[in-house]
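Right, one structure below, let's go through it.
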Amino acid sequence: MVAQNRGRGCGCCSCLFAFFLLLFALILVGLGFFYFYATNNLDRVAATGPAPLPATRFSRQTYTSARQKVDQFFKDSALRSVTLSNEEVNTLLTESPELRFLRHGVVVALNQSTAEVYCSLPVDLPLMPRRYLNWSFELHPSMRAQELKLDVLRVEREGKPLGAAEIHQYRFVVVPLVERTLWSLNKLQGDRSVRDVRIENGTLVLAR
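Position one of the sequence shown corresponds to residue -6 (the numbering used here), numbered consecutively onward.
The following block contains the structure:
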C-alpha cells in the first residue's frame, strides 16, 4: 500500500504543474498577439526600403574633438556650457558607440532655433523582412522648470505630413515618453546635469 501511494504522486504538485502549463500557454498567446499587432502596424508605418538622407561630411578628427568636448563638460561640473556645431552633432550621432543602434540612420540639420531630424532606421522582427522607419520632423528643444521640452513643429512619414490623429498620438504619447527618459538620465548627473538646452544660429548649446 505504501508503494502504491508513492507512485500516484502529490495532488498539489499536479495542480502546480498544470498552473505553470497554463501560464506558459497564456504567455505564448500574449506574445503571439503582440507580434501580430506589431507586424500589422509596422506594415502601416514602415517602408520596405531605406530613404535617402541628407549628405553629411565629417572626419574622425571632428568626432574626437567633439567627443572630448562633451566628455569634459559632463565630467567637470565647473564648465558652464558646451557648444556643438551641426557637423559635430552629426558625427557624434554616427560614430558614438553608445548610439550604434542607430546604424547611421539619423541626420540632423540645425537651424536658427530649431532642428530638422531625418531618420531612416531599420527594424528587424523575427520571421519578417526588414522594414525601415523613414521619418522626418522639426522640433524646438528647451528647458522649462529644469525639465526638457521638445516642441514638435512638423512630422512627416515618407515625405508626407501625418494626419491629425497620428500627430496627436505622437505629441501626447511618444514625445512625453522621450522627454521623461531624457529627464531621468539628466537627473542622474546631479550637479553636472544640464539646465539649459537651446539651438542658436546652427549650433547646439548645453548649459548649466
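For glycine and all other residues, C-beta sits at the position ideal for the given N, C-alpha and C.
Quantities reported herein were computed from a predicted structural model and do not represent experimental measurements.
How far does the beta strand (DSSP E) with residue i in it reach, from first residue to last?
i: Phe130; result: 124 to 137
i: Ala71; result: Per DSSP, Ala71 belongs to no beta strand (DSSP E) and is neither H nor E.
i: Glu151; result: Counting along the chain, Glu151 falls outside any beta strand (DSSP E), and DSSP gives it neither H nor E.
Can you tell me whether residue i is buried or exposed, with buried defined as 16 or more other CB within 10 angstroms of its CB?
i: Val82; result: buried
i: Val167; result: exposed
i: Asn127; result: buried
i: Ser70; result: exposed
i: Gly183; result: exposed
i: Gly98; result: buried
i: Arg150; result: buried
i: Val116; result: exposed
i: Leu170; result: exposed
i: Asn194; result: exposed
i: Val(-5); result: Caution is warranted here: a pLDDT of 47 is assigned to Val(-5), below 50, making its placement in the model unreliable, and no coordinate value can be reported.
i: Ala157; result: exposed
i: Ala138; result: exposed
Which two residues bound the contiguous alpha helix (DSSP H) that contains residue i?
i: Leu86; result: 79 to 88
i: Ser202; result: With the chain covering only -6 through 201, there is no way to say anything about residue 202.
i: Gln162; result: 157 to 162
I'd like to know whether the C-beta atoms of residue i and residue j end up nearer to each other than 8 Å.
i: Ser78; j: Val198; result: no
i: Ser113; j: His133; result: no
i: Tyr125; j: Ala48; result: no
i: Val187; j: Ser135; result: no
i: Leu86; j: Val63; result: no
i: Leu103; j: Ile192; result: yes
i: Leu141; j: Glu172; result: yes
i: Glu131; j: Glu109; result: yes
i: Ala59; j: Thr84; result: yes
i: Phe67; j: Arg201; result: no
i: Val145; j: Leu155; result: no
i: Leu72; j: Gln61; result: no
i: Tyr111; j: Ser129; result: yes
Beta carbon of residue i: closer than 7 Å to some heavy atom of the ligand NAP?
i: Pro122; result: For the ligand NAP, the structure offers nothing, since it holds no ligand at all.
What does residue i pair with, by DSSP beta-bridge criteria?
i: Tyr111; result: Val100, Ser129
i: Ile192; result: Leu197
i: Val75; result: Leu199
i: Glu140; result: Arg137
i: Ala217; result: Given a span of -6 to 201 for the chain in the structure shown, any question on residue 217 remains unanswerable.
i: Val116; result: Arg124
*Could you tell me whether the stretch 41 to 56 touches the stretch 168 to 185, where touching means 3 or more Cβ pairs closer than 8 Å?*
Touching, no.
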